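Asker: If you scroll down you'll find the structure; I have some questions about it.
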Amino acid sequence: MRLIIRQEDLGMVIERARTSKEEICGFLFGVAGEDVEVREVRFVRNRLASPVAFEMEPVEMVEALDEAEEKGLEVVGIFHSHLKCPPRPSGRDLKGMELWPVVWLIVDERGNYGAYVLREGKVEEVEVSIKLR
Ligand SMILES: [Zn+2]
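Going by numbering that gives the first Met the number 0, the sequence shown opens with residue 0, and the numbers climb by one from there.
Next comes the structure, spelled out in structure tokens:
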């Protein structure tokens, strides 16, 4: 399985991470088959407004989920940023990954990124394939 994302979309997430003093977060909408293809990035406010943790603001989160449904897209991933720590799942992220068993894309403010899934309780890295357009 690969996570396919447009360069433009990944760039937008990284740019937001780079310019924020808090973790940023949101959903990746798209279609999941053998590979997971991102069609749209949807930012959701981090209600913790924290540099070390995130929680999506619940009302915005529901709005985002409704939007995905209206567009006939699935939530194929969740993204968030790490500040001054590598883009790998934290202990707290692992709990979130159990609740949301989709691909987790993590970026940092320096432009590094990684994608992960939890499979049978273990974190597996997912290959990210960047589409130029
Ligand atoms: Zn995290």
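Think of the CB as a built atom: it goes at the ideal place given N, C-alpha and C, for glycine as much as any other residue. Remember, predicted model here, so these are calculated numbers, not experimental data.
Have a look at the DSSP bridge pairing and note the partners of K130.
Answerer: Looking at the DSSP assignment, K130 forms a beta bridge with R5.
Asker: Among I105, S128, V122, whose alpha-carbon lies nearest the alpha-carbon of R15?
Answerer: Ranking I105, S128, V122 by Cα distance to R15 puts I105 first.
Asker: May I ask whether a heavy atom of ligand 1 can be found less than 7 Å away from the beta carbon of D92?
Answerer: Result yes, Cβ under 7 Å from ligand 1.
Asker: For V101, which of helix, strand or coil comes out of DSSP?
Answerer: DSSP places V101 in coil when its eight states are reduced to three.
Asker: Is the number of C-beta pairs between the region 40–55 and the region 18–27 that are closer than 8 Å three or more?
Answerer: With a cut-off of 8 Å, the region 18–27 and the region 40–55 count as touching, because enough Cβ pairs lie within range.
Asker: Return helix, strand or coil for L27, following the three-state DSSP convention.
Answerer: Three-state DSSP puts L27 in a strand.
Asker: Do G110 and I13 count as a contact pair if the criterion is CB distance below 8 Å?
Answerer: Cβ distance < 8 Å, so I13 and G110 count as in contact.
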